[in-house]
Every structure is written in structure tokens, then in C-alpha cells.
Amino acid sequence: MLAVTIQKKLPYFQLDVDFTVQKEIVVLFGPSGAGKTTILNSVAGLIQPDSGTIRLNDTIFFETGQKPLPTRKRKLGYLFQDYALFPHMTVEKNILYGVKKEREAVSSAFVVQLLTVLGIRHLLPKYPHQISGGEKQRVALARALAGKPELLLLDEPLSALDAKTRQQCQDELLELHRLWQIPVLLVTHDEKEAEKLGNRILTINQGKIVDK
Amino acid sequence: MKVAGIATLIVFVAGVGTAFWLGRRSFPGKSVIESLFLLPLVLPPTVVGFGLLVLFGKNGWIGRLLAEWFDVQVVFTWIGAVIASVVVSFPLMYQAAAAAFQTLDEKLEQAARTMGASEWRVFWTISFPLAWPGILAGLVLSFARALGEFGATLMIAGYIPGKTDTLPIAIYFAAEAGQMEKATIWAVIIVALGFSAMMWLNWWGRKNMRRFSRRDE
Numbered sequence: 009m010l011a012v013t014i015q016k017k018l019p020y021f022q023l024d025v026d027f028t029v030q031k032e033i034v035v036l037f038g039p040s041g042a043g044k045t046t047i048l049n050s051v052a053g054l055i056q057p058d059s060g061t062i063r064l065n066d067t068i069f070f071e072t073g074q075k076p077l078p079t080r081k082r083k084l085g086y087l088f089q090d091y092a093l094f095p096h097m098t099v100e101k102n103i104l105y106g107v108k109k110e111r112e113a114v115s116s117a118f119v120v121q122l123l124t125v126l127g128i129r130h131l132l133p134k135y136p137h138q139i140s141g142g143e144k145q146r147v148a149l150a151r152a153l154a155g156k157p158e159l160l161l162l163d164e165p166l167s168a169l170d171a172k173t174r175q176q177c178q179d180e181l182l183e184l185h186r187l188w189q190i191p192v193l194l195v196t197h198d199e200k201e202a203e204k205l206g207n208r209i210l211t212i213n214q215g216k217i218v219d220k
Numbered sequence: 430m431k432v433a434g435i436a437t438l439i440v441f442v443a444g445v446g447t448a449f450w451l452g453r454r455s456f457p458g459k460s461v462i463e464s465l466f467l468l469p470l471v472l473p474p475t476v477v478g479f480g481l482l483v484l485f486g487k488n489g490w491i492g493r494l495l496a497e498w499f500d501v502q503v504v505f506t507w508i509g510a511v512i513a514s515v516v517v518s519f520p521l522m523y524q525a526a527a528a529a530f531q532t533l534d535e536k537l538e539q540a541a542r543t544m545g546a547s548e549w550r551v552f553w554t555i556s557f558p559l560a561w562p563g564i565l566a567g568l569v570l571s572f573a574r575a576l577g578e579f580g581a582t583l584m585i586a587g588y589i590p591g592k593t594d595t596l597p598i599a600i601y602f603a604a605e606a607g608q609m610e611k612a613t614i615w616a617v618i619i620v621a622l623g624f625s626a627m628m629w630l631n632w633w634g635r636k637n638m639r640r641f642s643r644r645d646e
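These protein sequence lines are chains A and B, in that order.
Position 21 (the first sequence) corresponds to 29 in this note's numbering; numbering is contiguous.
Position 128 (the second sequence) corresponds to 557 in this note's numbering; numbering is contiguous.
Right, here's the structure in full:
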């Protein structure tokens, strides 16, 4: 379970949220600039809140007055809005970047399964600039999951895709979540997407949860 | 050549290191430090050479320390020539590396961190390879600058044939002594080296531009 209680002063408003995520998909829904990505980045440890607590099961990510747990020790998968694929590495290298060497043999079956579900095995030797937007999105999702994270963060994962590809990816996402039950925090400003993917929807506005 | 090679190596490590380190931080006095780094670029080489002479000379404080602790004398040796080359070519390397790191997408480094990469791994697998074209440009320029260094080198290392005679200084004294043939040969060598460095840099730059902007869809 992920438990988040954080406050942070932002340029135009105060971010102040309090929520938990079980092994489910929780959607952070709201207009642009409402503080959704800030929440995600705080959970990932890319920025630090001013005060509060972030906890995943028994691991404390952040606690007021204590040194925050570095991002690399948080065992999470983060799918960035623009995918952030490494342009100088092949799809294969991108996906295996977070897979530890000694575990490679064990997890390769896992990786193969991942590639199969997402249908991207044929892309492995290609570079990110050689594949389409939908393929990039799948590769980024595979990369976020390949390290077997205990928590998945998705920032507007499907916003750059056309309607048909988007639908496909939504289905794949739900399928993957059925296979690996972990807490998922998803940011979107698309209402339909929020309703389709989320077990629960938290509507965020001006840094506060206005509707659960 | 040896002098320029060693100097470039030192400048490479120091320039990339400081550029990366400083690029991520902001603190009061940062612009002062950066200006100080770039100073040798705008100062007359003789001023740089004079400064080095004062610092590294027998009575300069660095010179005295080196003499006392390591029994090393810098002035009028090839080490002096290396130091002069390092100081004048460092700004080029620093600027190129700083610019290269600045254009880097921070998201990529963050993505690497979310996948459990240490800062060390992030640097060697993400930041450095992506900044490499820019760093390489700085490296070639630094090497060319180190190779051509004249003023500061003459001030600190002097001209001792067989010991501190770097190419540009040898050319100067050959011409001075009326040995025009000798001077011509060396001058041609320097022009050829400089020209091929620039040609290669241009070619490499264009190749890299293609690599990152190509779309094979």
C-alpha cells in the first residue's frame, strides 16, 4: 500500500493532499497545472515536498525532518509524459536498463512475457527515433515494468496517441495490471480515460483533492 | 606534440568534471568562478604567462611548495609548457562541456534514477554519452589551442632547444634566425594538423546531427 500525505508550496497555490493506493489503479484527474505531476514527482523523489509522509508498505520514502530515500532505492517504475527514452540506446538496452545483471537470467522470462503482451519484440534492435509514438509508449511502459517495480507511476501515458492506439494501450495496461498486482498511480486530464482505467478517481484542483 | 597531448588530457578531465559539477549547482559566487575560468580566453597570453611565472616561479607560492615537497621545478621545463597550455585551453573545454550538459534533457537522467541507477552510472551511461558530441568539439578545439600555444608558454617555459621547444616557439625562433626552410616545414605541419582537426570536427558534427535527427519511419 502506498500512503501519501504531503504539503508543498507552489508558485500559485499550496499543494496539500492525503490519499492511499492499495493494489489498484488510482487516477489523479484534473486540469493542467493542478499539481498532479508534482504529486507524482514527489512520490518518485525527483522533487521533495515541504512536509508530510510518503510510505510504500514498510518503506518510508519521505518523512518531514528526515533525509528522503533516494529515487534509485524506491523500486518504482515511472512512465514519463514524453516517455524519456534514451535516444542513444536501442529499445532492448532501454528496456533492460533497470534490470540488474545478476537477476537478468531470472527475469528474462518476465521480460519476454512483457514484450509479448505489449507486442514489441520485433522492435528490440531499433532506436527510439525509428519507431512510432504508440510503439514508444509501449517501450516506455515495458521499461518502467522491466525492473519489477513495487509501484508504478504513469504521467499522462497515453496523451500523445491517436484514439485507436490509445484504446489498445488502455486495454494492455489493464491486462498488465491484472497480471502484476501493484499500486498504480496514473495522471490524466482525460475524463474518459480516468473512468476506464481507474479503480478510484481523485479529482485534483489547485493542489487539493476536491472529489474522491 | 607531447605537451599538447598531455595538456589536452588534463583539460579534458578537469573541464568535463567541473562543467558537470558546476552545471548542477547554483551558489553565490558561481558567476565569479565561471568568469575566472574563462579569463585566460580574453587576456593577452603574456599576462597569463606572467601570472603563471609569478605563481610557479622560485618565489611564487605554488613554485615554492612544489620545490619543497616534490623537488620539482616548473619554470623553464616542459612541465611549465604543459601548465601554460592547460590554462589557456581549459576555457574552451569548459565552455563546450558546460553547453553540452546544459542542452541535456534532465528527464532522461531522472528516468535513469527511477530505474535504480546510481549517480555514477547515470553520468557514464546517460549524461556523458549524450553530451559527447559537444564535449568532443571542445576537446578538438582545446587540442588545437594547446598545440598553438605560444605567448604564455614562452613566458614560463622559455626556449630551450630539445627541452621546451614546442612547435610554435620553434617556428618563431627559426624565422628570427633566418632559417626560413625550417620554419616553413614546421608551419606546414601545424597548418596541416589544425586543418585536419577542423575537417574531422566538421565531418563528425554532421554525422552526429544526422544520427539524432534521422527518422526511418
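All residues carry an ideal CB built from backbone N, CA and C; glycine is no exception.
Those residues which DSSP pairs with residue i across a bridge
{"i": "D219(A)", "result": "T211(A)"}
{"i": "Q15(A)", "result": "D24(A), S59(A)"}
{"i": "I33(A)", "result": "V192(A)"}
{"i": "D163(A)", "result": "V195(A)"}
{"i": "Y10(A)", "result": "One detail in the question is off: residue 10(A) reads as Leu in this sequence, not Tyr. Its beta-bridge partners are V29(A), L64(A)."}
Nearest-angstrom Cα separation, counted from residue j out to residue i
{"i": "T61(A)", "j": "V501(B)", "result": "57 Å"}
{"i": "Y91(A)", "j": "N102(A)", "result": "11 Å"}
{"i": "K16(A)", "j": "V25(A)", "result": "9 Å"}
{"i": "V442(B)", "j": "W498(B)", "result": "25 Å"}
{"i": "D58(A)", "j": "I47(A)", "result": "12 Å"}
{"i": "D163(A)", "j": "S514(B)", "result": "49 Å"}
{"i": "Y86(A)", "j": "F94(A)", "result": "14 Å"}
{"i": "I695(B)", "j": "P520(B)", "result": "No answer is possible for residue 695(B): it lies beyond the span of chain B, which begins at 430 and ends at 646."}
{"i": "I435(B)", "j": "L36(A)", "result": "56 Å"}
{"i": "M544(B)", "j": "L131(A)", "result": "21 Å"}
{"i": "L161(A)", "j": "I217(A)", "result": "18 Å"}
{"i": "Q175(A)", "j": "L166(A)", "result": "9 Å"}
{"i": "E538(B)", "j": "V551(B)", "result": "6 Å"}
{"i": "V125(A)", "j": "A152(A)", "result": "14 Å"}
{"i": "L104(A)", "j": "T506(B)", "result": "51 Å"}
{"i": "A448(B)", "j": "G567(B)", "result": "12 Å"}
{"i": "V620(B)", "j": "P76(A)", "result": "56 Å"}
{"i": "L438(B)", "j": "S464(B)", "result": "22 Å"}
{"i": "I585(B)", "j": "P457(B)", "result": "33 Å"}
{"i": "R542(B)", "j": "L576(B)", "result": "40 Å"}
Residue environment, residue i, which counts as buried when at least 16 other CB atoms sit within 10 Å
{"i": "Q524(B)", "result": "buried"}
{"i": "F88(A)", "result": "buried"}
{"i": "K487(B)", "result": "exposed"}
{"i": "P469(B)", "result": "buried"}
{"i": "K459(B)", "result": "exposed"}
{"i": "F624(B)", "result": "exposed"}
{"i": "V504(B)", "result": "buried"}
{"i": "G73(A)", "result": "exposed"}
{"i": "A148(A)", "result": "buried"}
{"i": "G607(B)", "result": "exposed"}
{"i": "R644(B)", "result": "In this prediction, R644(B) scores a pLDDT of 40, lower than 50, which makes its location untrustworthy; no coordinate-derived value is stated."}
{"i": "I462(B)", "result": "exposed"}
{"i": "M627(B)", "result": "exposed"}
{"i": "Q189(A)", "result": "exposed"}
{"i": "A202(A)", "result": "buried"}
{"i": "G446(B)", "result": "exposed"}
{"i": "S518(B)", "result": "buried"}
{"i": "G478(B)", "result": "buried"}
{"i": "V617(B)", "result": "exposed"}
{"i": "V440(B)", "result": "buried"}
{"i": "K144(A)", "result": "buried"}
{"i": "Y135(A)", "result": "buried"}
{"i": "E578(B)", "result": "buried"}
The ligand FMN heavy atom lying under 6 Å from the CB of residue i
{"i": "L438(B)", "result": "The ligand FMN is absent from the structure shown, which contains no ligands of any kind."}
Beta carbon proximity, residue i to chain B, threshold 7 Å
{"i": "A168(A)", "result": "no"}
{"i": "G106(A)", "result": "yes"}
{"i": "G43(A)", "result": "no"}
{"i": "Y20(A)", "result": "no"}
{"i": "R8(A)", "result": "Because chain A in this structure spans residues 9 to 220, residue 8(A) falls outside the shown range and cannot be described."}
{"i": "L126(A)", "result": "no"}
{"i": "R80(A)", "result": "yes"}
{"i": "I96(A)", "result": "It should be noted that the sequence gives His, not Ile, for residue 96(A). Judged by the 7 Å Cβ criterion, H96(A) is in contact with chain B."}
{"i": "G155(A)", "result": "yes"}
{"i": "L10(A)", "result": "no"}
{"i": "A150(A)", "result": "no"}
{"i": "F118(A)", "result": "no"}
{"i": "F70(A)", "result": "no"}
{"i": "L84(A)", "result": "yes"}
Test: residue i CB closer than 7 Å to a CB of chain A
{"i": "P558(B)", "result": "yes"}
TODO: Write down every uninterrupted run of the alpha helix (DSSP H) in the stretch 56-143 of chain A whose length is 4 residues or greater and which is fully enclosed by it, in chain order.
DONE: If we require 4 residues or more, the alpha helix (DSSP H) runs fully inside the stretch 56-143 of chain A come out as 99-104, 112-126.
Open item on the list: Under 8 Å, CB to CB, which of the residues in the stretch 529-551 of chain B have a partner in chain D?
Closed with: No chain D is part of this structure, whose protein chains are labelled A and B.
- [ ] Could I get the ranges of all uninterrupted beta strand (DSSP E) runs contained in the stretch 588-623 of chain B, with 3 residues as the minimum, in chain order?
- [x] none
Task: Residue ranges of each beta strand (DSSP E) within the stretch 467-535 of chain B, 3 or longer - done: Here no run is fully enclosed.
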